[in-house]
Amino acid sequence: MGSAFAGAFFIGAPAAGAADAGAAELPNPVVDSAGFVDHVRGELSSVGVDTPEVDAQVTDAVDDALNQVVPQVPEVPEAPAVPSAPAAPVAPAAPAVPEVPELPVLPEVEATQEFATDLYDQAEALTNPNPIGLQELTQPEFKPVQVDPNYVWRNDMFSKVAAGKPFDDFVLHRAPGSFFDAPRVPEESNRAMTQGKSLYGPGTPIYINDQTMCTLTMAGTDAESRKVGVTAGHCAEVGDSVASADSWQVGPTGTVVSKNAALDYSVIEFGSDAEVTNSYNGVTAHGVGSDVQPGDVVCKRGVATGTTCGMTLMKDDKIQLNQVCATVGDSGAPVFRNGQIVGAISGGIRPGNIGVSCITPLQGALHVPTVVSNSDAVIADMNRRGGVGAGFKLA
């Protein structure tokens, strides 16, 4: 699901040049959401993307949330005056210490900003996830070895605070524009990859046609025992190749064989080098379809924002509207209630083009509502159409 974002925030860096005499006073972090949003809107405008102004109530709420997370430096009371001691006799001057030659300055290594590998070349996102270099400003010298270019590890303070994990050693970014700590590659995927196969289950991140990153809704078999999967319809076109982003080294292992734009779902047929499961990376689907009512709390698992939950606002036969956090990369993510897959993330809704996307857990519920495709309607349509996917059942 594509959407521009606003409602971000700024943490001021400590001022340079401390006083020469006495202890330097540590500045408290400066939180200015509105200022950062204006900067981001300017960055987007420079590439032709117009975004609406953000409600001051939203930026004030983000400021308050950050002030509760970022520790403040307490004021240090002025020390009492110490009576002067009698003058001591002047000691003879110490011998001069030889000057140590200045060490050469090592070139600084830039943090990795790429989202996809050369194999899965992806166009630069219009929503720059690091518009003013805050991550580099607070990035320590040590950086973890970058094995998979689709993984971007961060241990700078800005990224950790934005992920709601200021005291963690590292956080992981896997989709542009999201500051959430993303799900890692599970061990079961690595085991399958050692056998030359890709494993697919609910919540598996996938590449469509070597360009688009989405999330798999579910995987299983159809009435003809073919291995099939389902994701969002707007992610793919018929004939597009599909690869697991958790085992991209294996290459494409599936093909999009049909889609329904009205219900926003696509059917994927997997090949012999793919395995399917109902349990993936700690998420298990016990069934498909359930009666969801307004007021019910549902949860989703997506590659960009991980596991998030929210209240169902409304529903009809085809879609549900809820307050589950989702952003770019989460399209197709399974939505659960009581272990049942009740839908798939379809997109966000902006009444009057007003509202902000969900890009950090610090927003809480302050983001646009999320549209979900109803899984009962999807399964019924697959059965009505026949062919690949008809008679679907979970692995």
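For the record, in the sequence shown the residue sitting at position 203 is 262 according to the numbering used here, with numbers rising by one throughout.
No residue lacks a Cβ here, since even glycine has one placed at the ideal position from N, Cα and C.
Predicted model only: the values in this text are computed from it and were never measured.
Identified DSSP bridge partners for residue i
i      : result
Gly402 : Val394 and Asn433
Ala302 : Tyr266
Met441 : According to DSSP, which records beta bridges pairwise, Met441 is partnered with nothing at all.
Lys374 : Gln379
Val357 : Gly369
Ser338 : Thr343
Gly236 : Paired residues: none, contrary to the question.
Host alpha helix (DSSP H) of residue i (start-end)
i      : result
Arg250 : Glu246 to Thr253
Ser257 : Premise fails: Ser257 lies in the beta strand (DSSP E), Ser257 to Tyr259, not in any alpha helix (DSSP H).
Lys219 : Met216 to Ala221
First through last residue of the beta strand (DSSP E) which encompasses residue i
i      : result
Val329 : It is worth fixing the name first, because residue 329 is Phe in this sequence and not Val. Start and end: Tyr324 to Phe329.
Val211 : Val211 to Arg213
Glu334 : Ala333 to Val335
Ile413 : Here Ile413 belongs to no beta strand (DSSP E), and DSSP marks it neither H nor E.
Cys384 : It is not in any beta strand (DSSP E) - Cys384 carries neither H nor E in the DSSP assignment.
Arg243 : It is not in any beta strand (DSSP E) - Arg243 carries neither H nor E in the DSSP assignment.
Gly388 : Segment: none, Gly388 is in no beta strand (DSSP E) and carries neither H nor E.
His232 : Val230 to His232
Ala282 : Run containing Ala282: none; DSSP gives neither H nor E here.
Thr274 : Thr271 to Thr274
Alpha carbon of residue i to alpha carbon of residue j, nearest angstrom
i      : j      : result
Pro420 : Glu283 : 43 angstroms
Phe395 : Val289 : 15 angstroms
Thr176 : Phe238 : In this prediction, Thr176 scores a pLDDT of 29, lower than 50, which makes its location untrustworthy; no coordinate-derived value is stated.
Val347 : Ser300 : 25 angstroms
Gly391 : Met216 : 31 angstroms
Val164 : Thr364 : Because the pLDDT of Val164 is 45, which lies under 50, any placement of that residue in the model is unreliable, and the number read from its coordinates should be weighed accordingly. The alpha-carbon atoms of Val164 and Thr364 are separated by roughly 39 angstroms.
Ile267 : Val315 : 9 angstroms
Thr367 : Val383 : 6 angstroms
Ala403 : Phe226 : 33 angstroms
Val437 : Asn214 : 41 angstroms
Lys318 : Asp123 : 44 angstroms
Ala152 : Phe229 : Confidence is the limiting factor: at Ala152 the pLDDT is only 49, short of 50, which leaves the residue's position unreliable and the question unanswerable from this model.
Arg243 : Ala115 : 35 angstroms
Gly446 : Glu112 : 47 angstroms
Asp440 : Gly260 : 21 angstroms
Val357 : Met277 : 16 angstroms
Asn442 : Val401 : 17 angstroms
Ala456 : Ala333 : No information on residue 456 is available, as it lies outside the stretch 60 to 454 that the chain covers here.
Gly292 : Leu322 : 8 angstroms
Gln270 : Gln379 : 28 angstroms
Gly232 : Ala221 : With the sequence shown as reference, residue 232 is identified as His, and Gly is not the correct amino acid for it. So the two alpha carbons sit approximately 11 angstroms from each other.
Lys359 : Gly341 : 12 angstroms
Gly236 : Gly450 : 37 angstroms
Trp212 : Thr343 : 27 angstroms
Ala389 : Cys294 : Checking the sequence, you will find Asp at residue 389 rather than Ala. The alpha-carbon atoms of Asp389 and Cys294 are separated by roughly 10 angstroms.
Among the options, nearest to residue i - alpha-carbon criterion
i      : options                           : result
Thr312 : Val335, Gly423, Arg233 and Val437 : Val335
Ala320 : Asp123, Gly406 and Pro428         : Gly406
Ala302 : Gly341, Lys256 and Gly279         : Lys256
Ser434 : Gln399, Thr371, Phe329 and Ser416 : Gln399
Val427 : Ala439, Arg409, Arg443 and Ala436 : Arg409
Asp375 : Ala234, Pro353, Ser317 and Gly223 : Pro353
Ile418 : Val297, Gly223, Asp119 and Met441 : Gly223
Met373 : Lys452, Pro235 and Val431         : Val431
Asp119 : Leu425, Tyr210, His293 and Ala333 : Leu425
Arg444 : Ser416, Leu380, Thr429 and Val326 : Val326
Val351 : Val342, Ser338, Asp332 and Lys377 : Lys377
Tyr339 : Leu231, Tyr210 and Ala251         : Ala251
Val297 : Thr274, Glu328, Ala304 and Glu247 : Glu328
Ile306 : Thr263, Cys273 and Leu322         : In the sequence as displayed, the identity of residue 306 is Ser instead of Ile. When each option's Cα is compared against that of Ser306, the closest is Thr263.
Ala454 : Gln270, His345, Val220 and Gln379 : His345
Asn397 : Pro245, Ala385, Cys294 and Ser349 : Ser349
Gly361 : Met370, Lys452, Tyr210 and Thr274 : Thr274
Ala241 : Lys219, Val309 and Gln254         : Lys219
Val309 : Thr253, Arg285, Asp281 and Asn337 : Thr253
Coil, strand or helix - residue i by DSSP
i      : result
Ala449 : coil
Asn319 : strand
Ala454 : coil
Gly7   : Residue 7 lies beyond the residue range present for the chain, which begins at 60 and ends at 454; the question has no answer from this structure.
Val309 : helix
Gly292 : helix
Ala363 : coil
Leu421 : helix
Ala115 : helix
Minimum Cβ-Cβ distance from residue i to chain B less than 8 angstroms
i      : result
Leu380 : No chain B appears in the structure shown, which is made up of a single protein chain.
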